[in-house]
Amino acid sequence: MPATLYGIPACDTVKKARTWLDTNGVPYTFHNYKTAGVDPALLLQWIDQLGWETVLNRAGTTFRKLPDADKTDLDADKALAIMLANPSAIKRPILVKDDVLLAGFKLDTYVEALKP
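Each position in the sequence shown, counted from 1, maps to that position plus 125 in my numbering.
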């Protein structure tokens, strides 16, 4: 089954992940958060597996531009609401392949998880 890479095409980290997948012959489909949004049930699954702290991209421009009230007293429910309202606040990329779920792109992690 091909992998699914979730992200935004203009993101440099997503570009690095896509280049690595293409170069290494890993089949995948790309899901663009900006145009297709994100399924709330899927986002909840990622949060359950990785933790909202990993899935929420607090370093990005989208999160930093939120009102201070939205950024204080964060918990899983508040983080979920932020990510559903602002898909760009989701860590990029998210890769799903069979039982592999990766947030962000780290070369060593991709090699370990996806190389035969």
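From the three backbone atoms N, C-alpha and C, an ideal C-beta is built for every residue, glycine too.
A184, DSSP secondary structure in three states: coil
request  = Please look up how many angstroms separate the CB atoms of T187 and N157, rounded, as I've assumed it's under 8 Å.
outcome  = Not quite, the Cβ-Cβ distance comes to about 15 Å (not below 8 Å), so this is no contact.
message: I'd like the ranges of any alpha helix (DSSP H) spanning at least 4 consecutive residues and lying wholly in the region 135-171.
response: 137-148, 158-161
Closest Cα partner of A201 within the set I219, L181, D193: L181
So, L168 versus A228, is the Cβ gap smaller than 8 Å? no
| said: Starting from Y219, trace the alpha helix (DSSP H) in both directions and tell me its first and last residue. | reply: The amino acid at residue 219 is misidentified as Tyr; the sequence shows Ile. Premise fails: I219 lies in the beta strand (DSSP E), 219-222, not in any alpha helix (DSSP H).
*Taking D164 as the reference, give the member of D224, L205, C136, A238 with the closest Cα.*
L205
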